[in-house]
Amino acid sequence: MGVLKKIFSRREDEARIEEEREDSAIDLTYDAVVVIKPMKLRDITDVDSIVEEVRNGNILLIDIAPLAERNPEELQSAVKQIKTLLSTMGGELVAHQHKSDYPILLATPSFVKVWRSGRTRG
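Under numbering that gives the first Met the number 0, residues 0 to 121 are what the sequence shown spells out, in order.
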């Protein structure tokens, strides 16, 4: 039992280090809440509401399947508009391929950087 007690008991240095960690903890409180919202891109008129949501500081997960299945040309135009408008605001639009036929788009405001294979844009 003595061996296990030595292994699992806290020594004085460990207790002191733990206290220092608690004292120097970073305050991660924010004034604003960031919301992650799922949205569907049904037609080109949804572009304005998507851009407005990102302008308000929200992060969007955009399902493009409804428009992709109905009108691929309109989808291409809508995605190009969203990407251009977000870029002018410092935001990003990133496609994430998953199990379905169409990727999910991630739209982020300027204060969010998306990690891509060891690099961020910005």
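Positions of the beta carbon are idealized from the N, C-alpha and C atoms, including for glycine. Note that the structure is predicted; figures quoted are calculated from it, not measured.
- In this structure, SER99 sits near ALA64, with a CB-CB distance shorter than 9 Å.
- When LEU104, TRP114 and PHE110 are compared, the shortest CA-CA separation from ALA67 is found for LEU104.
- In the structure shown, the three-state DSSP call for LEU104 is strand.
- Shortest Cα-Cα distance from GLN75 to any of VAL53, HIS97 and VAL46 involves VAL46.
- By the beta-carbon neighbour count (other beta carbons within 10 angstroms, threshold 16), GLY89 is exposed.
- A buried status is given to LEU40, since no fewer than 16 other beta-carbon atoms sit within 10 Å of its beta-carbon.
- Put simply, the backbone Cα of GLN96 is about 24 Å away from that of GLY56.
- In terms of CA proximity to LYS36, LEU60 leads the group LEU60, THR107 and SER48.
- For ASP30 against GLU73, the beta-carbon gap comes to about 39 Å, at or over 8 Å, which does not count as contact.
- Nearest C-alpha to THR87 among VAL34, VAL32 and ARG54: ARG54.
- Only residues of its own chain outside the window of five on either side were considered, and among them ASP45, SER48, ILE49, GLU52, LEU59, LEU60, ILE61 and ASP62 have a CB closer than 8 Å to the CB of MET38, listed in chain order.
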